[in-house]
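See structure below.
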Amino acid sequence: MSPELAAILARSARDAARALVGWTLLKDGVGGVVVETEAYEPDDPASHSFPGPTRRNATMFGPPGRLYVYRSYGVHWCANVVCSEEGTGAAVLLRALEPVAGLEVMQERRRTADLRLLCAGPGRLAEALDISDVDDGAALDQPPFELHAPRSSPDVVTGPRVGIRRAVERPWRFALRGSDFVSRPRPRA
DNA sequence: CTTTCGATGATCT
DNA sequence: GATCATCGAAAGG
59 MSPELAAILA RSARDAARAL VGWTLLKDGV GGVVVETEAY EPDDPASHSF PGPTRRNATM
119 FGPPGRLYVY RSYGVHWCAN VVCSEEGTGA AVLLRALEPV AGLEVMQERR RTADLRLLCA
179 GPGRLAEALD ISDVDDGAAL DQPPFELHAP RSSPDVVTGP RVGIRRAVER PWRFALRGSD
239 FVSRPRPRA
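Quick note on numbering: the first sequence equals residues 59 to 247 in our numbering.
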């Protein structure tokens with residue numbers, strides 16, 4: 059793993075979630091720029107790692123830089139980046155990308171031509187990149203995945219996390235300011 | 001525009 | 001049996 063990525067992922071989920079905005083994520087050359095993330099910390103009642111290690115969340119307690127993939131509402135797949143120290147259970151939920159590469163492939167997978175709806179939400183993002191349970195535990199800096207650093211530091215806004223019932227007050231959602239490709243409800247401009 | 005609701009399966013109580 | 005880090009279609013204003 060590059061020193062730059064390792065340094066980002068070594069930090070808390072909050073810091074890693076903020077720092078991952080602007081990076082480009084690809085699977086098999088298909089994907090785009092990360093424009094929205096959420097942090098899930100250890101001792102965070104909203105995190106899947108909160109109850110401790112189980113079969114589902116085992117990847118969360120493994121090495122940083124791996125993908126933790128889980129099924130949401132029995133219908134969708136959602137993808138996280140494991141971060142902080144191995145064994146802590148910290149992770150960053152990937153919530154939205156700005157589509158950049160493989161647009162036609164993603165449009166086909168998502169069955170929509172609207173670029174704003176290709177990767178705007180964790181379930182949509184996973185479907186567009188063809189991420190599922192088989193990718194759980196995969197290293198994000200090794201094929202078929204690539205993670206590329208932004209050229210300059212992006213302008214990031216924060217807000218409450220989406221879709222959770224517990225610890226709703228923690229402002230651990232991060233998004234690229236003004237992006238047209240974030241999920242709803244839209245963060246403040 | 002906004003709100004409501006069904007789908008569908010693993011996990012938890 | 002209830003809950004859930006979601007989405008899209010349908011119904012309501």
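Glycine included, C-beta positions come from ideal geometry on N, C-alpha and C. Please read all numbers here as calculations on a predicted model, not as lab measurements.
Rounded to whole angstroms, what is the Cα-Cα separation between D213 and L234?
6 Å
Looking at C-beta atoms only, is the number of pairs between the segment 113-124 and the segment 225-243 that lie closer than 8 Å three or more?
no
Under the three-state reduction of DSSP, which class applies to R231: helix, strand or coil?
In this structure, R231 counts as strand in the three-state DSSP scheme.
How about L183 and L152: do their beta carbons lie closer than 7 Å?
yes
So what does DSSP say about V133, is it helix, strand or coil?
coil
Give me the DSSP bridge partner(s) of L84.
Under DSSP, L84 shares a beta bridge with G89 and E204.
Measuring CA to CA, which of L78, I222 and E99 is closest to A208?
Note that residue 208 is Pro in the sequence shown here, rather than Ala. Out of L78, I222 and E99, L78 has the C-alpha closest to the C-alpha of P208.
Less than 7 Å between the C-beta atoms of A71 and E94, yes or no?
no
Does DSSP put A68 in a helix, a strand or coil?
coil
Member of R174, T170, L176 and V91 whose CA lies at the smallest distance from the CA of S210:
S210 has its Cα closest to that of V91, out of R174, T170, L176 and V91.
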